[in-house]
Amino acid sequence: SGEGGAVGTDYEILTIDAPTFFTGINMINTSLAREVNFMHTKVLVFSEEIAKTGVTTYIAPAVRFRQVRRSMHVIVSKCSAFEFLEEYEPIEGNAISKALELLVEGTSEIGYIPHVTLSDFYSGLKSTYRQPIATLGSINDMEKFIEIANEQKTEVNEKKEYIAGELPRKGGGKVEFYGTAVFDGDKMIGELTGEETRMLNLITGQFRRGNFSIEDPHHPKNFIPIDIRMERKPKIKTEIKGGKVFVSVNIILEGDVLAIQSRMNYEEEPLRTVLEDAVIKIFEGGINSLIDKCKEWGVDIFGFGRKVSSHFRTIQEWEDFNWINKFKESEVNVKINFNIRRTGTLLKSSPVITTEGSKLME
-2 SGEGGAVGTD YEILTIDAPT FFTGINMINT SLAREVNFMH TKVLVFSEEI AKTGVTTYIA
58 PAVRFRQVRR SMHVIVSKCS AFEFLEEYEP IEGNAISKAL ELLVEGTSEI GYIPHVTLSD
118 FYSGLKSTYR QPIATLGSIN DMEKFIEIAN EQKTEVNEKK EYIAGELPRK GGGKVEFYGT
178 AVFDGDKMIG ELTGEETRML NLITGQFRRG NFSIEDPHHP KNFIPIDIRM ERKPKIKTEI
238 KGGKVFVSVN IILEGDVLAI QSRMNYEEEP LRTVLEDAVI KIFEGGINSL IDKCKEWGVD
298 IFGFGRKVSS HFRTIQEWED FNWINKFKES EVNVKINFNI RRTGTLLKSS PVITTEGSKL
358 ME
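Under the working numbering, the first residue of the sequence shown carries the number -2, and numbering increases by one thereafter.
Here it is as structure tokens:
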């Protein structure tokens, strides 16, 4: 499109209209004192508009090019790639490529985005086991956060499900990563929210640990933040009966209670078990809802196909089975095990004492 702009002293953002990736490189080099080099490229960004029309034309040259490392992250931006990079403000002293890499890796560790490299994405395009996904990014205009007098309110404070660009926040950089872009072949067909992405990462085993706000079982207006982590990788088993695939997913989690707003004694039995059951119910509901959504789209982004393929003796038999089309007819059963390990330095929550007597924080 011919746009360009210097947004910092150490780098410049350029864009050019060219028939092919490699021709574009040559054309850009005519305006630079040095040649463009991709050896240290950390991220590959597609706009949502391009992602929905198909990315094979753009991915194939990048994968073939010897300067491009397949370890770079793949991102789908809800705005144009130029706007996305133009709005990004790297930490002082860091190159924009390194700063973006650190931001993506930090967000993926807590589960709000998937960890997807160029190698992962390209393999998904060709795979008979699964469909590809990518990290979802966008620019946050900060308009979702509204401050009224001394109270802080948001337009969507009742909704816990967000995607990139919708987080109700104020301050910080405009660029954010939150959620997942889902593909059917090389075309983007939908997106997952940050919470749905956490459920996805629980199944794939990418989730490490993160804080979850659990609704208080006895005081629904209050929340109990819990630091939850995977005790071990999820166990996935499959079997085929009468041509139908049955998938069993067993996920084992543990967590530490960080706070109890209602001041109820969830640190001890019987309330401890009540809280554990509430966590299990929320996670099983979230994962089952995500699986149902993916079945409607007809895409296996969990990698169940790799387990199912073990039931076939030859590659030809597996390909004839056509798992990609059969996924929506499969039955997936999810079982969550969760245990509270620690409750911090507070052994027991007690009511707040007022002149009117004991009172719970509501």
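Positions of the beta carbon are idealized from the N, C-alpha and C atoms, including for glycine.
Residue range of the unbroken beta strand (DSSP E) whose run includes VAL65 = Within the sequence shown, the letter at position 68 stands for residue 65. Taken as a continuous stretch (DSSP letters only), VAL65 belongs to no beta strand (DSSP E), as it is neither H nor E.
Ignoring anything shorter than 4 residues or poking outside the segment 300 to 355, list the alpha helix (DSSP H) runs there in chain order.
-> 301 to 305, 312 to 318 and 320 to 323
From ASN319, THR125, LEU41 and LYS292, pick the residue whose C-alpha is nearest to that of GLU326; which is it?
-> Mapped onto the sequence shown, residue 326 falls at position 329. The shortest Cα separation from GLU326 among ASN319, THR125, LEU41 and LYS292 belongs to LYS292.
State the Cα-Cα distance for the pair ASP183 and ASP289, rounded to the nearest angstrom.
-> The residue labelled residue 183 in the question sits at position 186 within the sequence shown. The residue labelled residue 289 in the question sits at position 292 within the sequence shown. In a straight line, the C-alpha of ASP183 is about 22 Å away from that of ASP289.
Below 9 Å between beta carbons: does that hold for ASN252 and ASP224?
-> Sequence index remark: in the sequence shown, residue 252 carries index 255 (1-based). Sequence index remark: in the sequence shown, residue 224 carries index 227 (1-based). Note on residue identity: the sequence assigns Gly, not Asn, to residue 252. Yes, the pair counts as a contact, with Cβ atoms nearer than the cut-off.
Out of HIS308, SER77, ILE72 and THR20, which has the shortest C-alpha to C-alpha gap to VAL179?
-> Looking up residue 179 in the sequence shown gives position 182. The option with the nearest alpha carbon to VAL179 is ILE72.
Beta-ladder partner(s) of PRO267, from DSSP | Position 270 of the sequence shown, counting from 1, holds the residue named residue 267. Looking at the DSSP assignment, PRO267 forms no beta bridge with any residue, so it has no partner.
Answer yes if the segment 338 to 347 comes into contact with the segment 302 to 321, meaning at least three C-beta pairs across the two stretches below 8 Å, and no otherwise.
-> no
Nonlocal neighbours in the same chain, by C-beta distance under 8 Å from ARG303, ignoring five residues either side = Here residue 303 refers to the residue found at position 306 of the sequence shown. Only TYR126 and ARG127 meet the Cβ criterion.
May I have the straight-line CA-CA distance separating ASP181 from VAL244, to the nearest angstrom?
-> By 1-based counting over the sequence shown, the position of residue 181 is 184. By 1-based counting over the sequence shown, the position of residue 244 is 247. Their backbone Cα atoms lie some 21 Å apart in a straight line.
ARG195: first and last residue of the uninterrupted alpha helix (DSSP H) it sits in | Residue 195 sits at position 198 when you count from the first residue of the sequence shown. Segment 191 to 201, the alpha helix (DSSP H) holding ARG195.
Rounded straight-line distance, which links the Cα of THR351 to that of ILE110 = Counted from its first residue, the sequence shown places residue 110 at position 113. Counted from its first residue, the sequence shown places residue 351 at position 354. In a straight line, the C-alpha of ILE110 is about 45 Å away from that of THR351.
Run the CB neighbour count on ASN219, radius 10 Å, all protein chains shown included, and call it buried at 16 or more, exposed below.
-> For the purposes of this step, residue 219 is identified with residue 222 of the sequence shown, where counting begins at 1. Classification of ASN219: buried, given that the 10 Å Cβ count is 16 or more.
Straight-line CA distance for VAL271 to HIS308?
-> Numbered from 1 along the sequence shown, position 274 holds the residue referred to as residue 271. Numbered from 1 along the sequence shown, position 311 holds the residue referred to as residue 308. VAL271 and HIS308: Cα-Cα distance of roughly 40 Å.
Whose CA, out of ARG66, MET69, LYS171 and ILE186, lies closest to the CA of GLU80?
-> Within the sequence shown, residue 80 is the residue found at index 83, counting from 1. Nearest C-alpha to GLU80: LYS171.
Alpha carbon of ARG166 to alpha carbon of GLY191, nearest angstrom = Translated into positions along the sequence shown, residue 166 becomes position 169. Translated into positions along the sequence shown, residue 191 becomes position 194. About 15 Å.
Beta-carbon proximity of ARG67 to THR27, cut-off 9 Å = In the sequence shown, counting from the first residue as 1, residue 67 sits at position 70. In the sequence shown, counting from the first residue as 1, residue 27 sits at position 30. Cβ atoms of ARG67 and THR27: not closer than 9 Å.
Where does PHE19 land, buried or exposed, given buried means 16+ other C-beta within 10 angstroms?
-> Here the question's residue 19 lines up with position 22 in the sequence shown. With fewer than 16 Cβ atoms within 10 Å of its Cβ, PHE19 is classed as exposed.
Beta-carbon gap between ILE249 and LEU197 smaller than 9 Å = Taking the sequence shown and counting its residues from 1, the one referred to as residue 249 is at position 252. Taking the sequence shown and counting its residues from 1, the one referred to as residue 197 is at position 200. The answer is no: Cβ separation not under 9 Å.
Confirm, please, whether the CB-CB distance from ILE233 to ILE284 is below 9 Å.
-> Taking the first residue of the sequence shown as 1, we reach residue 284 at position 287. Taking the first residue of the sequence shown as 1, we reach residue 233 at position 236. Contact: no.
Do LYS241 and GLU106 have their CB atoms nearer than 9 Å?
-> Taking the first residue of the sequence shown as position 1, residue 241 is located at position 244. Taking the first residue of the sequence shown as position 1, residue 106 is located at position 109. No.
Around the Cβ of ASN34, are there at least 16 other Cβ atoms within 10 angstroms (buried) or fewer (exposed)?
-> Taking the first residue of the sequence shown as 1, we reach residue 34 at position 37. It counts as exposed.
Nearest-angstrom Cα distance between SER116 and LEU343?
-> Against the sequence shown, residue 116 aligns to sequence position 119. Against the sequence shown, residue 343 aligns to sequence position 346. Each residue's Cα considered, the two are about 46 Å apart.
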